[in-house]
Amino acid sequence: MDYSHDEAADLLGCRRRTVGRLYPEAVDHLSEIFLHGGLLELIVDPESEPADEDEGYVASTN
Numbered sequence: 215m216d217y218s219h220d221e222a223a224d225l226l227g228c229r230r231r232t233v234g235r236l237y238p239e240a241v242d243h244l245s246e247i248f249l250h251g252g253l254l255e256l257i258v259d260p261e262s263e264p265a266d267e268d269e270g271y272v273a274s275t276n
């Protein structure tokens with residue numbers, strides 16, 4: 215089930231702004247878990263130089 219940021223904030227007992235601020239970090243963390251568990255495949259080489267500053271993927275080593 216999908217929730218809007220407003221609905222997620224209500225469910226979590228926080229403000230919409232907090233959800234908006236933490237959402238990208240949560241998606242990145244979940245992606246790392248899926249990558250390490252083999253449920254997601256990395257399709258961009260994190261060691262390659264991105265063509266543009268805004269492009270590319272940097273994997274966390276945490």
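Residues in the sequence shown are numbered consecutively from 215, following the numbering used here.
All C-beta atoms in this analysis are idealised placements derived from N, C-alpha and C, irrespective of residue type, glycine included.
All of these numbers come straight from a predicted model, not from anything done at the bench.
Using a Cβ-Cβ cut-off of 7 Å (strictly less than) and excluding sequence neighbours within five positions of residue 249, which residues of its own chain qualify? 256
DSSP three-state assignment for residue 217, whether helix, strand or coil: coil
Is residue 258 buried or exposed, if buried means 16 or more other CB atoms sit within 10 Å of its CB? exposed
Assuming residue 220 and residue 230 make a contact with CB atoms under 8 Å, what is their CB distance in whole Å? 5 Å
Every unbroken alpha helix (DSSP H) inside the stretch 224–251 [4 residues or more]: 230–251
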